[in-house]
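To convert, take the position in the sequence shown, counting from 1, and add 942; that gives my numbering. No residue lacks a Cβ here, since even glycine has one placed at the ideal position from N, Cα and C. The structure under discussion appears below in the form of structure tokens.
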Amino acid sequence: SESSSEDEEEDKEEEEEDEEEESSSESSSESSSEEASDTEDKKKILLGGQRHLVIAQGSSPQPGRKVISNPAVQRKLNASLRRKEEERRSTHEVLSSEARLRSSYTEASDNGLQEITSRGLYVREANRTQPITQDEKTTCGGGIAQRLEALRKSGEDWQKRVEKSKQDLAKPDTGAASPVSVLRKEAKIIEVQKSPSIGDRKSWLESSSESWRQRVQESDASQFTVAGKMGISESAAQLADRKKRTPKQETFSPGVSSKAEVLRRIHQQGTPVLPSIFKSKSMPNAAEELARLKAEEEERPRVLIPKADNETFTSFFESVLPSSKDERLDITEAAFDAVVSDNVKLGQRKQVSVRRKRQTKGNPLKALASRTDIRAEYVEVRSDIAEKELKRINIEKLAKTSDLAPSALAGLVSTEDFRRVQLKKSDDTSSLLPNRDLILIQVKGRRHVQTRLVEPSVSSLNHGDVFVLVTPTTVYCWIGRHSNVIERAKASDVAQSIQSKKDLHFKGTSEVKIIDEEKEESSKDAQAFFKLLGGTSEDCNPAGDPGEDLRFEAAIVDTNMVYTVEGDALVPYDKYWGMQPRVEMLQRDKAYVFNFGSEVYVWLGKLVPSEVRDLSVRLAEEQCKAGFDYSDCDINPLFPRAGPEEQKSMASDARPNWTLFAKVNQHMEPVLFKEKFLDWPDDAKLIRVKNKAKEDSKSDSLDSELKPCDAKELLEKRPTEPDLELSGSHLGRGLEYYDADERRQYHINTLAIKVWHITEYEHRTLPESSYGQFYSGDTYVVRWQYAVSQTGRHLSGQRSRHVAAGRERCAYFFWHGRDSTVTEQGACALLTVELDEERGPHVRVLQGREPPCFLNLFKGKMVVYNGKRQEEPADLGDWRMFVVRGEYPLEAALVETSVGVQNLRSRSSFLVLSRSSGRTYMWHGAKCSGHAQEVAEAAAKTIVKETPAEMAVAKNVELKLTEVREGAEERSFWDAFGGDKKKKQHLFVSLLDSTLDFDFTPRLFHMTLVSGTFEANEVFCPFRRTDMPCAYPFLQSDLYSAAQPAVFFLDNRHEMYIWQGWWPSNDSETGLPRVPNSSEKVRWNTTRRLAMETALHYSQEMNPSDPPKVYLVFAGLEPVEFTCLFPEWQDRDDIATINIREDRNHGDRLSVQETLAQLTKTHYTLDELKSVPLPEGVDPKRLESYLTDEDFEVEFKCTKAEFYGLPHWMQNKHKKKAGLF
């Protein structure tokens, strides 16, 4: 009932509205008729399918007319208009309606154009690509009255939004096709439409992106492009419309004959092709597997059994066959009567019967031929397939968790003695890279530059690209005048990579020769470049248009062919066929064949089995022999400059001989192969960010990871006898050598020697009387001519009587004195090469480090004087003093030292002589060994018997030798030293009153941390004897010539020393002042600490009950007890000055235990950490870590764990505030 009442009320309201509409329509008949005519005209304009409403500016209802404001009347009017429009559309009078439209267009244009020129129109400033806003939608929506009301509101500020002048609007468009088009062009109108589609917006954006070029002036940079240099305009490359043309994808599988040939060649090399193992017949594809196995069995190679048939014998005895000439003789019966026999016939024939052990049954050849069970061929069957497959599976399991190749793993797990294995000779497929004299590489492109191998001829060159020519000794980079910047950069990288990595069989040492066509067209390098290619620069092809590079890239990439090896066939790789390959495609257990036209690569992963490797190479070889076919492509990669008229070269049955076929193993790819990939990584160009946290953690863990050396191993290590090896022969000490493994005795016979004195600008041959007379400031070259003969030994151990004399040999020694200059040493090395006519081995010999083979050349007559040969020393006095070195009489050498008590040693012998009087003393120390005295006496007697001229003894003065011992010297002996011995007793350490045993050889170890691990390398005496002690096996130069700062440990048995070097004040390379940084100081303190710990363990291990004391000495400030352990010593005041600056004193001999405790101290007070210099062993980068936990919390207001959890910048901020940064 409620709903019916509501409906009645609504009907009443509608009736009242209808009555009001009738009354209003009667009162305003005139105004409505005029408005109806106006709307009719507007509707006629809109009926033409247009979407715009043209409204004159300032149009408003006249004052005498009544405005329709009733919405019901408005709805009624709209409904009537819709009904009329539907009626018109239902009619079929199309022609009459078009005529009415044309008449309405003409009337509207005649009346409207005058108003347009005088008033102007509404302008919509928004871009057409922007969507219509909500305000515009509401403005344009609704009925006619609402639209008019919105237009009246916007008409007040109409003039502000219109900027176009009336003159521009009044210009008529003569090319207009219709009045409507005139209205569109001359009037700015409101779009009454929906939001444009995405396609329309995209087309508007594309047109806008190209239209800006017309409003911007041409840039000056255009003249620097390739098109600007060529003087032509660069046309946009139409690559988007280009159709991709690639070769046909065909699986390559050799025929039956060729396949058998491949398998036969692989079998001959000892690498059988293992067939697949069919495991079970219950598999889902059991039928297919059985069929495949049967097919494989049929395709197995069949072996023919050779048979000695009649044809074989005929071919073998072909030379004795009767001639083919037809010769016939006519023989008659009378001819037989002429035959007379002169032989005497026997009267009775003796029959000899042969006894046979058994009787034969028939003809054995016939019996063999009649057998049907003998086959003429058989199928080869391998019985070790399961074992090989199991071994391969085990190796693959190991390879998954190992970085080694399967072949290396197989060798490691093998128990066979490979020393007795003789490898079979096979075809070398390990290095299939081109080994030719000329390799020409073209670098062309703009986006993804292509690096391709081309024919090494001048016809391959053009002025628009860059080419790299590789010879065995030189790499050329020829830059065309019209090449772009990207090509030049890529070619430079390729050439540098070939030169540095010795790729493509380049073996030279010269730098890459850059030839720029614009600058060096007629240089020597350019002439050599074109001479190698057989032409001149005029023979080069012209450059193509600027867009050729992009077209070349697209066309050449389409020709790429990639195959995978599956079974016994090459299957195309669909994903990368006609594409540029990527690194992600390479799997380490697969084999690929890349065909780039002029280059064919067989890439093998490190887990690919050997049989698959050989099969892949052979299949690729067979495919290369089949030729090439690029008829379906736009370009032939072997002849990239071939035009349309040369289409005959797009396919051929044979490849050119300059093409490349290479086998590439994983991680050993050449640069040409790498350049074919789009994303091949180059570690050399990676810019890595330094990880400060990682560096700090590495330095923090340095102390925890490093450990001192094992003292027990150092004590057990013993030296071996010296042995000089020249030209593959062991020479021992230069006299004889016994090879215990081969039980052979070698005798070295010196045939002749020759000595040259080398100066900076000349060399001079010395007379034989001066052989062995050297000066510490000179350099010499010694030519040694010798022969090696060998004898064997019987099983009893006795020497054999058979001697095998060897050929004559030659070796060159170049000897450098300790005071010779670097220039003289370099001249000596160069002259050694020039003087070497026999091309023998060269041996560098330093003073004091002579090998025994060199000392034996002079038979105990070697003497080393101070100064230079051509310059007499100014301070040369009457007395001269020499220390005796050597372990055998024939190896004795006298080394001159300054006359002074401080240079005497109690464990050695010295020769002191007067040049004027001839008095000669042989002084033996109190602890000099017996064999050392024998060597000294032999050397002294040789000098007295044959006094060399270099000794500078006065004329007519003969040397008189007198032997003296320490403690029993004559008074005249001390006259040579300028006074009484007691006054200078403190200058050297005498062992006369010592009760200790000195029958031992001191040992010297170099402690270093350079390699990342702490090591102790022993310094051996070059002329040592393992059966006799050597009192002074090392020199002062062993300490001072090492890289500083250095640490050495010296074991003198009764006391031990740690010698500490110095920080160089200047850089050795630049010569500039140098201050060590904090990390270097930390490493230095760590080295010192480990050396001290090793020394303490060493002394404890040597004598656990009473370990010898270990002292710390400093360079330049060594005490006398330390310097007397060397045969001679010279003070270094320059080094002493450096260590004195660090609060060191002369003669300091600190206890290592106390110093080590100072170095390993872990806690300091805040004041001690702020002091300058810092305490020893303190890391300046982590001063806060040396505070105790209580002091740390007081200073930083947090614990150490909380502090180190903060960022580094905040830690540094707190350390600066505390004064510990």
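{"Check": "Is it buried or exposed for H1948, if we count other Cβ within 10 angstroms and need 16 for buried?", "Outcome": "buried"}
{"Check": "So for E1563, helix, strand or coil by DSSP?", "Outcome": "helix"}
{"Check": "Does the segment 1477 to 1490 come into contact with the segment 1394 to 1414, if we say contact requires no fewer than three beta-carbon pairs (one atom in each stretch) closer than 8 Å?", "Outcome": "yes"}
{"Check": "Identify every residue that forms a DSSP beta bridge with T2029.", "Outcome": "T2029 is not bridged to any residue."}
{"Check": "Closest to G1476 by CA distance: which of Q1978, L1380 and K1532 is it?", "Outcome": "L1380"}
{"Check": "When we look at the beta-carbon of K2023 and count the other beta-carbons within 10 Å, is it buried (16 or more) or exposed?", "Outcome": "buried"}
{"Check": "Spatial neighbours of E1879 within its chain, please: C-beta separation below 7 Å, excluding the five flanking residues on both sides.", "Outcome": "M1864"}
{"Check": "My assumption, with CB atoms under 8 Å, is that V1826 sits in contact with V1877. Please give the rounded CB distance.", "Outcome": "6 Å"}
{"Check": "Taking the alpha-carbon positions, what's the L1557 to E1192 distance?", "Outcome": "19 Å"}
{"Check": "Could you tell me the distance, in whole angstroms, from the CA atom of A1277 to the CA atom of L1307?", "Outcome": "41 Å"}
{"Check": "How big is the Cα-Cα spacing for Y1047 and E1027?", "Outcome": "Here Y1047 scores only 45 on pLDDT, less than 50, and its place in the model should not be relied on; the value that follows carries that caveat. Each residue's Cα considered, the two are about 18 Å apart."}
{"Check": "Mind the definition here: the segment 1412 to 1420 touches the segment 1546 to 1566 only if three or more C-beta pairs lie below 8 Å; say whether that holds.", "Outcome": "no"}
{"Check": "Compute the distance between the beta-carbons of D1571 and A1593, then report whether it is under 7 Å.", "Outcome": "yes"}
{"Check": "Please classify Q2072: is it buried, with 16 or more other beta-carbons within 10 angstroms of its beta-carbon, or exposed?", "Outcome": "exposed"}
{"Check": "If M1998 and P2069 are in contact, beta carbons under 8 Å, what's the gap, nearest whole angstrom?", "Outcome": "With a Cβ gap of about 19 Å, M1998 and P2069 do not count as contacting."}
{"Check": "Going by CA-CA distance only, name the one from L1992, W2026 and P1987 that's closest to N2008.", "Outcome": "P1987"}
{"Check": "Could you tell me whether the segment 1655 to 1674 touches the segment 1694 to 1710, where touching means 3 or more Cβ pairs closer than 8 Å?", "Outcome": "no"}
{"Check": "Does the beta-carbon of Y1679 have 16 or more other beta-carbons within 10 angstroms, so that it is buried, or is it exposed?", "Outcome": "buried"}
{"Check": "From which residue to which residue does the alpha helix (DSSP H) around V2081 run?", "Outcome": "Inspection of the sequence shows that residue 2081 is occupied by Asn rather than by Val. Residues D2075 to I2082."}
{"Check": "Less than 7 Å between the C-beta atoms of A2160 and E2137, yes or no?", "Outcome": "yes"}
{"Check": "Nearest by alpha-carbon distance to E1508: which of L1382, Q1529, V1554 and V1544 is it?", "Outcome": "V1554"}
{"Check": "Could you give the residue range of the alpha helix (DSSP H) that holds R1493?", "Outcome": "E1490 to D1500"}
{"Check": "For L1836 and G1748, I'd like the C-alpha separation in whole angstroms.", "Outcome": "33 Å"}
{"Check": "I need the boundaries of the beta strand (DSSP E) containing M1998, first residue and last residue.", "Outcome": "M1998 to Q2002"}
{"Check": "Leaving aside the five residues before and after L2054 along the sequence, list all residues of the same chain whose C-beta is less than 6 Å from its C-beta, in chain order.", "Outcome": "I2000, L2092, V2094 and T2097"}
{"Check": "Report yes if the CB atom of H1699 is closer than 7 Å to the CB atom of L1773, and no otherwise.", "Outcome": "no"}
{"Check": "Closer than 8 Å is the cut-off here; do at least three beta carbon pairs connect the segment 2055 to 2069 with the segment 2019 to 2036?", "Outcome": "no"}
{"Check": "Is G1782 closer than 7 Å to C1752 when the C-beta atoms are compared?", "Outcome": "yes"}
{"Check": "Within 10 angstroms of the Cβ of T1953, are there 16 or more other Cβ atoms? Answer buried if so, exposed if not.", "Outcome": "At residue 1953 the sequence reads Ser, which differs from the Thr that was named. Classification for S1953: exposed."}
{"Check": "Residues in its own chain within less than 6 Å of S1671 by CB, not counting five upstream and five downstream?", "Outcome": "V1730"}
{"Check": "Who are the Cβ neighbours of V1906 in its own chain at under 8 Å, not counting the five residues just before and after it?", "Outcome": "Y1863, M1864, W1865, H1866, E1912 and F1915"}
{"Check": "For R1675, tell me which candidate among R1857, Q1441 and I1690 has the shortest Cα-Cα distance.", "Outcome": "I1690"}
{"Check": "What does a CB cutoff of less than 8 Å around Y2146 pick up in its chain, not counting 5 residues either side in sequence?", "Outcome": "Q2153"}
{"Check": "Under 8 Å: do the segment 1600 to 1619 and the segment 1512 to 1520 share three or more Cβ pairs, one atom per stretch?", "Outcome": "no"}
{"Check": "Taking all protein chains shown into account, decide if Q1812 is buried (16 or more other Cβ within 10 angstroms of its Cβ) or exposed.", "Outcome": "exposed"}
{"Check": "What's the C-alpha gap between N1607 and T1478?", "Outcome": "39 Å"}
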